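Asker: To start, I am sharing the structure in question, which I have written as structure tokens.
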Amino acid sequence: MAYSDKVIDHYENPRNVGAFQADDEDVGTGMVGAPACGDVMKLQIRVNPATGLIEDAKFKTYGCGSAIASSSLVTEWVKGKTLDQALDIKNTSIAEELALPPVKIHCSILAEDAIKAAVADYRQRRGEAIEQPVCSPAAA
Ligand code: FES
229 MAYSDKVIDH YENPRNVGAF QADDEDVGTG MVGAPACGDV MKLQIRVNPA
279 TGLIEDAKFK TYGCGSAIAS SSLVTEWVKG KTLDQALDIK NTSIAEELAL
329 PPVKIHCSIL AEDAIKAAVA DYRQRRGEAI EQPVCSPAAA
């Protein structure tokens, strides 16, 4: 299977490889695995609390060339975005940008899932999470 030029470019010159301190309160970390192949992707965002914008992102991916290219691409795409805008990034856009063949679509899904996990982690750590059901005290 031939990789597209864009996949090869990201694979050979991956952007934003690395990691932030996981205990930095401005960082959200998403770690996801692909059941289909066992590949693993860790993607981190660092958010500017004053603006709410993602100011930096890093990744480490143990996986195929398409997974590495997908994660490299999304670390570029999320920079400067709000959390909600980052959640709007779809794997179909990643697959289209990288011209991934059908057999490699799950690699782009991994990148979308990693962003979602990183945003959820950030929100949870900041206490912004996730609507909890309201429990009313039982009537005496
Ligand atoms: Fe599984 Fe690419 S082959 S992430």
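Count along the sequence shown from 1, add 228, and you get the number used in the numbering used here.
All C-beta atoms in this analysis are idealised placements derived from N, C-alpha and C, irrespective of residue type, glycine included.
Keep in mind it's a predicted model, so treat the numbers as computed, not measured.
Just to confirm the assignment, what range does the alpha helix (DSSP H) spanning L328 have?
Answerer: Segment: none, L328 is in no alpha helix (DSSP H) and carries neither H nor E.
Asker: Sorted by chain position, which residues of the same chain lie with C-beta nearer than 7 angstroms to G355's C-beta, five sequence neighbours on each side aside?
Answerer: None.
Asker: Consult DSSP for K344 and reduce its assignment to one of helix, strand or coil.
Answerer: Helix, per DSSP.
Asker: Between which residues of its own chain and E325 is the CB-CB distance below 8 angstroms, once the five residues before and five after are set aside?
Answerer: Hits under 8 angstroms: K234, L301.
Asker: Under 8 angstroms, with one C-beta from each stretch per pair, do the stretch 323 to 338 and the stretch 284 to 302 reach the 3-pair mark?
Answerer: The answer is yes - the stretch 284 to 302 touches the stretch 323 to 338, with three or more Cβ pairs under 8 angstroms.
Asker: Find the nearest neighbour of I333 within the set D316, I296, W305, judged by alpha-carbon distance.
Answerer: Looking at the Cα atoms, I296 is the closest of the given residues.
Asker: Drop a sphere of 10 angstroms on the beta-carbon of A368, count the other beta-carbons inside from all chains shown, and report buried for 16 or more, exposed for fewer.
Answerer: The predicted position of A368 is uncertain, since its pLDDT is 45 and thus under 50; a value taken from the coordinates is nonetheless stated next. By the 10 Å Cβ count, A368 comes out exposed.
Asker: Which residue wins for smallest C-alpha separation from A264, given the options T279, T320, C335, L315?
Answerer: With distances taken between Cα atoms, A264 lies closest to C335.
Asker: Are the beta-carbon atoms belonging to L271 and A345 less than 9 angstroms from one another?
Answerer: Yes, the pair counts as a contact, with Cβ atoms nearer than the cut-off.
Asker: What does the shell around the ligand FES hold, if a residue joins when its beta-carbon is under 7 angstroms from any heavy atom?
Answerer: Working through the chain, the matches are A262, A264, C265, D267, G291, C292, S294, A295, K332, H334, C335, L338.
Asker: Using the Cα positions of L315 and R351, report the straight-line distance between them to the nearest angstrom.
Answerer: When rounded, the distance between both Cα atoms is 12 angstroms.
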